[in-house]
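Peer 1: Okay, handing you the structure first.
Protein chains: 2
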Amino acid sequence: MLRTIRLLIAYDGGNYCGWQRQRQGEATIQEELEQRLSHLCEEPITLHGAGRTDAGVHALGMVAHFHTRAAIPVVAFFKGLNALLPPDIRILAAEEASATFHSRFSALGKTYRYDFFTGAVQCPSTRLHRAHFPGPFDPKRLRTALTQLVGRHDFSSFERSGSRDKTAIDGRGAVRTLYEIRCSPRLGCEDFWSLHVTGDGFLRQMVRILAGTLIEIGHGKRPEEAIAAILAARDRTQAGLTAPACGLFLERLYYPFPLFNQNPVLPCSPPAIP
Amino acid sequence: MLRTIRLLIAYDGGNYCGWQRQRQGEATIQEELEQRLSHLCEEPITLHGAGRTDAGVHALGMVAHFHTRAAIPVVAFFKGLNALLPPDIRILAAEEASATFHSRFSALGKTYRYDFFTGAVQCPSTRLHRAHFPGPFDPKRLRTALTQLVGRHDFSSFERSGSRDKTAIDGRGAVRTLYEIRCSPRLGCEDFWSLHVTGDGFLRQMVRILAGTLIEIGHGKRPEEAIAAILAARDRTQAGLTAPACGLFLERLYYPFPLFNQNPVLPCSPPAIP
C-alpha cells in the first residue's frame, strides 16, 4: 500500500545551501532528509517541501511529505529519523496523511519571522540567528508602511531581480496577498525586534527585501509612507537592501484542516479579492 | 602615567577552552583579548578577569581590567578592540578606572544564568545555547530546594571533586553565600527555563552541579526537600550530575559602586553572617 507521510521539521540553515537538493551535491536540508528516509524505508524517497528556503535561512515549522510502501510504524519517522539526522535538523512530528495531501499545494499560507538587532554591539551567542542593523530604530515609524503592505499587491519590487522562473506560469505573476505583517520587540531583550509576515505565498527573497526596506524606514532613512510608491514602481531597485539570511525563520504553514495538532487558522482571514 | 582600564565583555564560549590563558596555547578568551590589547597598546598586557569560566561557558557581562601606559583614548578599547576581535568576543563598554579597582577583588558578587529545555525535541537554532533535559518538568517542585539553598552554606557537595586549589587558602573553604536563586519560564517559549543564581562567589562547576541537581528535583527524580541533606553531606557524590557547559551564562558582576552605567545593587542585600 502506498502511504503518504507528512513531517513537521525544524532546522538551522547556517550550514546548508538551502532547502532544495542541488545538482552539484552541496549540502541541503532536502538531501539530508531524503538520504535518511531512503535508508529507513529501503527504497528511494523523494521529499516534497511546502516551500524552499534559501541558503542560511532557518525553519521552525517546515512541512514536507513523501510517499512510501515501507510498512514502518509512523513513530519511526519521528524517533528513528531524529536518531539518524544531524542535530541541526530535527523532526518535530510525523503523521499519516491522506493520498491527496500535498505540503505545498494544500497550503493556504505561511508565516516568516525576521529577527534583527539594532543595538551597537551584537551579542556573541545570538549573532548567527539575528541580523545586525545598528542605529536608533523606531517601530512607530512602520505603522503606515505595514498598513500599505497588507492585502493583495504586485510585489515585483520585492523580488530578487531576474530570479523568477518565467516558464512556471501559475497565473499569479508577482501578485501575492499579505494577511498580516507586524514588528514587535522581543520581550526582555533591548533593541531586539521580530518582524512577522503572513501571506499566501512569497517571491524569491521577498521577506528579506521587505525586512531590509522596513528597517530603513524604522531607522529614518526612508519616509514613513515610502512603501506605496515602491509597490507601484514594480522595480527591485526602488526597494531597500536584501537583509541577511541568518535572521530569517520559516515559522509555520497553514492548511484548511488541522495538522500535527496545530491550529489551522490563519492569523487573518484572507481579504476578499477585489 | 599608568592607567587602569576596565572592560565589559560578552563572549560565546562554544569555541574556547574557557576564560583562562592555557600553557599549551589552546584558544581562550583571555588570550584572544590580551593579544589584541597588546597590539593596540604596543606593550604586553595582562588582563585580570572577575572570574574564570570553564570551557564552553558563555558570558553576557564579564568584567576585566588591565594596566597600560599607552596614551590611547578609552573609546579605542571599545571600537578599536571590537574591530580586531573575532565576532564571538565583543567589548560592550570600556572606561577608565581608579588605580585601586580590581575586577575580582572589588566585586561583591555575580549572577549566573543556566538555560535549559525540557521539551522532547531540541530546537536546532538554540541547541548550542541551552541544555536539553527532556521530560515533564514542574518548577513548583523547586520551591523548597531554592529556599534551602539561599544563604551561607558549605557547598562542598556542589564542587567538582578534587578541583579546589587547597593551597590557595582564603579562609572561606567551600563556604559561599547565595543571595538569590530562582527558576523562571522563558516568556513565549514552551518548555524553556532559566535558572538565575546570584552569590558572593562560586566553586568550580558549582552552578552546573546546582542546575543538574535542581533539574532532577523538577523532574521528580529526587525528593523536593533533598537539598538540605545534600548540603549537610559535604560530599560531591550526593548531588546530581554536572549539567552541560553550553547552557551556562555569566550574566553580570556587582560592585559597591556604579560601573558602565549599570545599577550596582545586588538583587538582595547579603544576609547578616551568623
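Taken in sequence, the protein lines are chains A and B.
Start counting the first sequence at 59; every next residue gets the next number (my numbering).
Start counting the second sequence at 59; every next residue gets the next number (my numbering).
Glycine is no exception: its CB is placed at the ideal position from the N, C-alpha and C atoms.
#1: Buried or exposed: where does B:Pro329 fall if 16 or more other Cβ atoms within 10 Å of its Cβ makes it buried?
#2: With distances taken from CA atoms, which of A:Ala117, A:Gln82 and A:Phe124 is nearest A:Ser96?
#3: I want to see whether chain A comes within less than 9 Å of B:Arg185, judged by CB atoms only; does it?
#4: Cutting at 6 Å between CB atoms, please list the residues of its own chain near B:Leu91, excluding the five before and the five after it.
#5: Just checking my contact of A:Thr126 with A:Glu89 at CB under 8 Å: how many whole Å lie between their CB atoms?
#6: When burial is assigned at 16 or more other CB atoms within 10 Å of the CB, is B:Leu204 buried or exposed?
#7: Where do the N-terminal and C-terminal ends of the beta strand (DSSP E) with B:Leu120 fall, by residue?
#8: Taking C-beta pairs closer than 8 Å, name the residues in chain B that A:Asp70 reaches, listed in chain order.
#9: Looking at the C-beta of A:Asp112, does it have a partner C-beta in chain B at a distance below 9 Å?
#10: Would you call the CB atoms of B:Tyr237 and B:Gly167 closer than 9 Å?
#11: Do A:Phe136 and A:Ile149 have their C-beta atoms closer together than 9 Å?
#12: Have a look at A:Cys241 and B:Gly305 and give me their C-alpha separation to the nearest angstrom.
#13: Ends of the beta strand (DSSP E) at A:Cys398?
#14: How is A:Gly259 classed by DSSP in three states: helix, strand or coil?
#15: Determine the direct distance from the alpha carbon of B:Ala134 to that of B:Leu142, and round the result to whole angstroms.
#16: Given that a residue counts as buried once 16 or more other Cβ atoms are within 10 Å of its Cβ, and exposed if not, what is A:Met59?
#17: Going by the CB atoms, is the gap between B:Thr62 and B:Phe175 shorter than 9 Å?
#18: Considering only their Cβ atoms, is the gap separating A:Val115 from A:Gly71 smaller than 9 Å?
#19: I want to see whether chain A comes within less than 9 Å of B:Arg148, judged by CB atoms only; does it?
#20: Quick one: which chain B residues come within Cβ less than 8 Å of A:Val179?
#21: Would you say the stretch 190 to 197 of chain A touches the stretch 75 to 88 of chain B, given that touching needs at least three Cβ pairs under 8 Å?
#22: Taking beta-carbon pairs under 9 Å, can you tell me which members of the stretch 238 to 253 of chain A lie near chain B?
#23: Between the alpha carbons of B:Phe250 and A:Ile273, how many angstroms are there, rounded?
#24: Applying the criterion that 16 or more other CB atoms from any shown protein chain within 10 Å of the CB defines a buried residue, is B:Glu309 buried or exposed?
#25: Please state if the CB of B:Arg64 and the CB of B:Ala333 are separated by a distance shorter than 9 Å.
#26: Taking the straight line between their C-alpha atoms, what separation do you get for A:Ala152 and A:Ala303?
#27: With DSSP as the reference, label B:Thr62 as helix, strand or coil.
#28: Check the Cβ of A:Pro145 against every Cβ in chain B and list those closer than 8 Å, keeping chain order.
#29: Anyone know if the C-beta pair for A:Gly109 and A:Arg162 falls short of 9 Å?
#30: Would you mind telling me which residues of chain A sit closer than 9 Å to B:His116, beta carbon to beta carbon, in chain order?
#31: Along the chain, where does the beta strand (DSSP E) containing A:Glu92 start, and where does it finish?
#32: Looking at C-alpha atoms only, which residue of A:Arg234, A:Phe216, A:Arg79 and A:Gln263 is the closest neighbour of A:Ile103?
#33: Where does A:Glu309 fall in DSSP's three states?
#34: Just to confirm the assignment: which complete alpha helix (DSSP H) runs, minimum length 4, are found wholly within the stretch 273 to 308 of chain B?
#35: For B:Ile331, would you say it is in contact with chain A, using Cβ-to-Cβ distances shorter than 9 Å as the test?
Peer 2: This is what the structure holds:
#1: At B:Pro329, the pLDDT of 42 sits below 50, so the modelled position is not reliable; the number obtained from the coordinates is stated separately. By the neighbour-count criterion, in which 16 or more other beta carbons inside 10 Å mark a residue as buried, B:Pro329 falls on the exposed side.
#2: Residue A:Phe124 is the option with its Cα nearest to A:Ser96.
#3: Judged by the 9 Å Cβ criterion, B:Arg185 is in contact with chain A.
#4: Closer than 6 Å at the Cβ level, and outside the excluded window around B:Leu91, lie Leu105.
#5: Not quite, the Cβ-Cβ distance comes to about 17 Å (not below 8 Å), so this is no contact.
#6: Buried, by the Cβ-count rule.
#7: Note on identity: in this sequence residue 120 of chain B is Met, with Leu being the wrong assignment. Its beta strand (DSSP E) spans residues His116 to Thr126.
#8: The contacting residues are Pro182, Ser183 and Arg185.
#9: Taking Cβ atoms only, chain B never reaches closer than 9 Å to A:Asp112, which makes this a no.
#10: In this structure, B:Tyr237 lies near B:Gly167, with their beta-carbon atoms less than 9 Å apart.
#11: Yes, the pair counts as a contact, with Cβ atoms nearer than the cut-off.
#12: Whole-angstrom Cα-Cα distance: 29 Å.
#13: Outside the displayed range of chain A (59 to 332) lies residue 398 of chain A, so it cannot be described from this structure.
#14: In the three-state scheme derived from DSSP, where H, G and I count as helix and E and B as strand, A:Gly259 is classed as coil.
#15: Inter-residue distance for B:Leu142 and B:Ala134 is about 11 Å (C-alpha atoms, whole angstroms).
#16: Taking every protein chain shown into account, the CB of A:Met59 has fewer than 16 other CB atoms within 10 angstroms, so this residue is exposed.
#17: No, the pair does not count as a contact, with Cβ atoms beyond the cut-off.
#18: Contact flag set, yes.
#19: Under the Cβ distance rule, B:Arg148 counts among the residues neighbouring chain A, one pair being separated by less than 9 Å.
#20: In chain order: Ala68, Asn140, Arg148, Ile149 and Leu150.
#21: Contact between the stretch 190 to 197 of chain A and the stretch 75 to 88 of chain B is absent, because fewer than three Cβ pairs lie under 8 Å.
#22: Cβ contacts with chain B: Arg244, Leu245 and Gly246.
#23: So the two alpha carbons sit approximately 29 Å from each other.
#24: Buried, by the Cβ-count rule.
#25: Any question about residue 333 of chain B goes unanswered here, given that chain B covers just 59 to 332.
#26: Within the model, the alpha-carbon separation for A:Ala152 versus A:Ala303 is close to 27 Å.
#27: In the structure shown, B:Thr62 sits in a strand (DSSP, three-state: E or B).
#28: Under the 8 Å cutoff, chain B gives Gln180, Pro182 and Arg185.
#29: If you check the CB distance, A:Gly109 and A:Arg162 come in under 9 Å.
#30: Listed by position along chain A, the residues whose Cβ is nearer than 9 Å to that of B:His116 are Pro182 and Ser183.
#31: Not the beta strand (DSSP E): A:Glu92 falls in the alpha helix (DSSP H), residues Ile87 to Cys99.
#32: When only C-alpha atoms are compared, the closest one is A:Arg79.
#33: Correct three-state label for A:Glu309: strand.
#34: Complete alpha helix (DSSP H) runs here, min 4: 284 to 291.
#35: For B:Ile331, the predicted model reports a pLDDT of 36, less than 50, meaning its position is unreliable; a value from the coordinates is still stated below. By the rule that beta-carbons nearer than 9 Å mark a contact, B:Ile331 does not touch chain A.
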